[in-house]
Structures are given as C-alpha cells and as structure tokens.
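Notes for the one structure printed next.
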DNA sequence: TGAGGTGTTGCAAAAAATGCAACGCTCGGC
DNA sequence: GCCGAGCGTTGCATTTTTTGCAACACCTCA
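Residue numbers (my numbering), protein chains in the order written: chain Z, 107 to 409; chain B, 107 to 409.
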C-alpha cells in the first residue's frame, strides 16, 4: 500500500509537466508511457479539457493544465501538512520545514538558527534550498518550499510577507585591510580599492548599482561572482573590497581572515530582508514555529 | 469512469462521519461495509492514527479524524472550484454558487438579486440553503456553502467577513394599520398594539430583547414564530405589529396587504448584516462574482 | 439471555491500472 | 528527399487493487 495512493494522479500530471514528455515522466515514475498516457486521457476527459498541448517534441501545459498543476501541487503540500498535523496530535512532534533562501543567508544565519531550533524541537528536520531571487518565489509558488527568505524582493500579489527587516550594506575585506582599522566607513573610502561585487543574481547588487548610478564615483570592479563564498575567499588574499548585507556579513569572522564593517553613507539606502509564504496557504505546524523563531532572531538582531 | 475517482477516499470517510457508522455509510455509497471498512483501515494504517473511535453503536471521529474530515471536505470543495475554473477557461461561463443564509433574507433579497445576476451570467445556477444562525456558520465550516449571509453574527476566528451592512429594525404591519399612516414611528407607539415577534433562532430578536430589557415598557407578545412568512401573514389579518430588519422588510409590499416602516428610536441599536466566507478559502469564480454583485446592491441600498 | 446492532476477516469475483508490443506522427540531419 | 529518432497513442494480456459475499466476534439493551 503505497503511501501516496490518493495523490497518484497529481504526481503523474506533475511529472509530465516537469519532464516535458510522457515517456520521460513515465521513466521517472517507474511505469510505462502507456499507463501514464491513459491516466492523463481519463483525467482530461473527466475535466472536459486538454491539460497539455501535444507537441511533436513533448507536452506543454495548457492554461487548464496550469490550473490543474497548481491545484495538484497544492494538494500534495496540503496532504503533507495534514499528515504532519496528525503526527503532532499523536504526541510525536516531528516534521519537516522546507525553506528556500537566497545565498547570502544560508551560510551565515541558518546553520546557527537551525541548530538552536532543533535543540528545542529535536523531531523537526530541515530542507534548505539555496537559489537566486526568482527561484525562491517560484519554489513558493510550486509548493516546494514552505518559507522563503529573500533580500530585496519585489512585492507580488501571490506572495505574502510575514516579516521584514531592513538590512544595511556592509563592506567585507581582509582582516588586516587598512579600512578595517577605520572607525567609520564611507563608500568613497571603499572605492579607492579594487572591488569584488556580487552579480545581478544576488540581492544587494541593485543597491550598489543604484548608488553608483547616482554618484560620480568610478568603481574599479575586478571580480564579479554569484557566490559570496567566492567573493569572501577572494578579498582575504588581497586588498579588494566586497559587499554583503548585514546578516550575510555576520559570518565574516576574524578567524576566517576576513572582517565586515557597516557602511555609513546616507545615500546608500536599505532594503528589507523578507520572510514570505505563499498567500492563502496553510503552513504546516513546524514551519509556523520556525517562522516564529526566525522572527525573534531577526527582529532582535535587526533593531 | 466515475467523475470523482480521486475524491473517493474523501467521500468514503466523510460518509462514515456523517452516517455515524460504516454500515449505514456503505449503504449510502452503494457498496458493502467490508469494502468501506478496508479503505478506512488502509488509510488509518497509512496515516499511523485511528480516525474513528470504535463504539459499539457506531463510529465517532477522533481528533485526527476531525483533521482529516476538514481536509477531505476542503479537497472536495476545492476540486469543484478547479473544475469550474477550467470550464470557465473553455469559454462556457457556468458554475454553481452555493449560499447559506438566514431566513429573513432569502424571501426578500435573494429572488430579485439572483434573477438579475442570472440575466448577466446565464450559465450560473444557485443553491440556496435557508437555516438559522449557527447552521450558516457550520455550512461554511463544512464546505457546504461558498457564501454565508447572516444578521448579527458573532465574530469567530475561522470566518472572515467580506461585507458588513448595518441594518435598522423595521416594524411590519397591515397596510391599513393606523401606524402605517404615521410619518415617524417610535417603539412606544408599536407597543400599544399586540406584538408578533421572531423567536430567538432568528436575527433581530436579540435587538428587541436588549431594548425591552433596558426600557420599562411592557410588550404584549401574542405570537412568537421562527418563520417570518408566518409573522407577516399574521399581522396582515389584524392590528398586531411584527418586526424585521431592513432588507427583510423590503419584501413587505403593499399588494401583499402588509407594509413596513423604519423605527426611529435611538435606543434601538443596529446590527450588521454580514456576508462571510470561510477564512483562507479560495472561492470559486462564480461565488466571487456573486459576492461582488451583493456588495453593490447592499452597499447601494444600505447608505 | 437472546435479538439486533456494530466492526471485522477470508476468500472469490469484479474492476482498475499497468506492461508489452506495435502503430502513426512530426521533426531534424544527412 | 528520405530516414531515423523522438514523440503520443492504441489493442490486448497481465497484474494489482477494489469490491462483494458470507461468516465471525463483539457490545448493548430489553
């Protein structure tokens, strides 16, 4: 008795959409294409509408298909929540919190917070997916993540923010960097050194671009990367300066050979770090608890 | 290929809960008790929890069972919505709006509004259930109604109001009643006549009771009923006076031999007529449209 | 204590889902 | 211009799942 009998159809259709073809989806599901095809046909007849456009190269969801897919993913997530709630009722406080977050946060914030959270809730385990801005939102939409944590996300109608914490920009540099000695740090000072910038896929870059565009300063960019670890390791070995938002910079410990300093320019605005969920969705209990934990940590640290 | 293959389990469990026993539920589902029992057992094993307490006289949902039932009913409603949305996509703008409302509104408001709404949206049909206060809320909770319209409902955490319109109390009397001639009507005037009051199961009674309790007036109640039609038909034949809220009184047309007059007492407060839905629920498209129509009518008439 | 209700189980029958092999189709490359 | 590789789809046999039937064990109430 497979655990997910009721969700079978939903998984089938979802697989077709993901793999883009019945044959590949069938392979992934360990069934034959014919079986899968029949489930799809029955469903389509039942709904009175085609869910996929038959392309010579594969299948593409129709508008009706998109609707169904959203429903299917929602069902799957919701059934998992139900399962978790029932388990919680039985006294075993277990479950999984699934989070999508942009890179900066993962390496610094999460390990500590998760460790501390698990000390209080040992039965709860985590799935953390690191990805860029848009993928975080997409993961929420596809019901692949319960919570999303992103910097500088643009508001959309189907995402509802649960918590926003303003984040200033920090400069990251080698621990023995001349700037590390200065009590107060201005952007102008940083620009005297080569820069290692996060690329456009990472939060914070937009802040920098906006600043550069308004000012007449002339930055000397020697490295651009989509990996904060890369940037950190880079500045450790020379006199270049990189940038990161507050929570991400918290990781820059002296024993790593790098350090972070807050930048005091007024012109450089702040953008919020946002904890968000899919609008209208019922979150599993563990996810709600973890969100509460995050709230305490972030609001405590942010002020 | 039965239309509701995917919801089979959900219907099974729901039937058990409704009928209170496997045998009766099985009868209603046109299957044997053994088949039904097996589905239940498989499900319980799958979830790792009993969904029903085995009583010698039948089955009673456990806490886990209640959770599952809510989920099941939600699924059923949500799947219907999906089906409707897909049909809407195909160009056939059809669907069903399911409403639970307290008595007063059904006879006056709804026939007109629904007729007008169907002129613009001919494919949409209606299911209107008339019941008392608590049943309206319960129908929303059980996903049996999309919308609920009640007078003077007490706020609860799982119901979200979509629209509130304050409703004053009206006196209803025979068209040739002496009071019908008066330009302004006070409660004191009404009390000189015998009263026909709605009973406690109907909205508006609370307002009257509160007023009587505070005042020293001595009402002479000759009829109490849970049917507004009954009350209306009664006052038509004699000099008794009945009461109803604004929208309900709108039906009291002169050709019926009754008329309604607003009561001008300050001491008699107003209570809101509330259009509500279950919190967090995605309403079917037709229901949302109808809610919008109701909003226009009620807000237009209320002000 | 017995009658009528309940849930439950063993085994056979029915129904649904699947696998296998083959067909028809469209596309892209030689 | 044709040929092969990929695709979705279909007919039929097989397997898996669901259901029905009859019987059992249990509890309650008269």
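Note that the Cβ used here is the ideal one computed from N, Cα and C, for glycine as well. Quick caveat: nothing in here was measured; it's all calculated off a predicted structure.
- By the Cβ rule, the segment 176 to 191 of chain Z does not count as touching the segment 214 to 229 of chain Z, because fewer than three pairs are nearer than 8 Å.
- Rounded to the nearest whole angstrom, the CA to CA distance from residue 250(B) to residue 230(B) is 17 Å.
- Going by beta carbons, residue 151(Z) and residue 157(Z) fall outside the 8 Å limit.
- Identification of residues in the segment 152 to 178 of chain B having a C-beta nearer than 8 Å to some C-beta of chain Z yields 152, 153, 154, 155, 169, 170, 173, 174, 177, given in sequence order.
- Chain-ordered listing is empty here: chain Z has no CB closer than 9 Å to the CB of residue 280(B), the nearest sitting near 51 Å.
- Put simply, the segment 332 to 349 of chain Z does not touch the segment 253 to 263 of chain Z. Fewer than three CB pairs are less than 8 Å apart.
- At a cut-off of 8 Å between beta-carbon atoms, residue 134(B) makes no contact with chain Z.
- Per DSSP, residue 270(Z) is one residue of the beta strand (DSSP E) stretching across 265 to 273.
- In the DSSP annotation of this structure, the continuous segment of the beta strand (DSSP E) that includes residue 367(B) starts and ends at 364 to 368.
- Taking C-beta separations shorter than 7 Å and ignoring five residues to either side along the sequence, the partners of residue 271(B) in its chain run 378, 379, 404, 405, 408, following chain order.
- Nearest Cα to residue 206(Z) within the set 139(Z), 244(Z), 132(Z): 244(Z).
- Put simply, the CB of residue 193(Z) is near chain B, with a gap under 8 Å to one of its CB atoms.
- Between residue 112(B) and chain Z, the shortest Cβ-Cβ separation is below 8 Å.
- Residue 219(Z) has no beta-bridge partner at all, per DSSP.
- Residues of the segment 379 to 394 of chain Z with a C-beta atom less than 9 Å from some C-beta of chain B are 386, 387, 388, listed in chain order.
- Your pair residue 317(B) and residue 293(B) checks out as a contact, with CB atoms roughly 7 Å apart and the cut at 8 Å.
- Look at residue 115(Z): its C-beta is under 8 Å from a C-beta on chain B.
- Taken in chain order, the complete beta strand (DSSP E) segments of 3 or more residues contained in the segment 150 to 221 of chain Z are 158 to 161, 164 to 167, 201 to 207.
- Proximity of the segment 340 to 356 of chain B to the segment 296 to 308 of chain B meets the contact definition, three or more beta-carbon pairs being nearer than 8 Å.
- The beta carbon of residue 371(Z) is closer than 7 Å to those of 292, 293 in its chain, skipping five residues each way along the sequence.
- Within its own chain, the residues whose Cβ lies closer than 8 Å to the Cβ of residue 286(Z), once the five positions on either side in sequence are excluded, are 279, 280, 365, 367, listed in chain order.
- Annotation for residue 254(Z): 206, 242, 246, 382 place their beta carbon closer than 6 Å to its own, counting only its chain and skipping 5 residues before and after.
- Residue 252(Z) and residue 140(B) have their C-alpha atoms roughly 39 Å apart.
- Nearest to residue 248(Z) by alpha-carbon distance, out of 135(Z), 182(Z), 154(Z), is 182(Z).
- Secondary structure note for residue 249(Z): it is in no beta strand (DSSP E), with a DSSP letter that is neither H nor E.
- Nearest CB-CB separation between residue 181(Z) and chain B: below the 8 Å threshold.
- Nearest to residue 274(B) by alpha-carbon distance, out of 112(B), 391(B), 373(B), is 373(B).
- Residue 154(B) and residue 240(B) have their alpha carbons spaced roughly 34 Å apart.
- Per DSSP, residue 322(Z) has no beta-bridge partner at all.
- In this structure, the straight-line span from the alpha carbon of residue 313(Z) to that of residue 236(Z) is close to 21 Å.
- Measuring C-alpha to C-alpha distances from residue 276(B) to each of 282(B), 284(B), 296(B) identifies 296(B) as the nearest.
- Beta-carbon to beta-carbon, residue 167(B) and residue 121(B) are separated by about 12 Å, too far to satisfy the 8 Å threshold.
- Of all residues in the segment 224 to 258 of chain Z, none places a beta-carbon less than 9 Å from a beta-carbon of chain B.
- Our two residues, residue 187(Z) and residue 321(B), have alpha carbons roughly 54 Å apart in a direct line.
- For residue 232(B), the enclosing beta strand (DSSP E) has its first and last residue at 230 to 236.
- If you check the CB distance, residue 119(Z) and residue 174(Z) come in under 8 Å.
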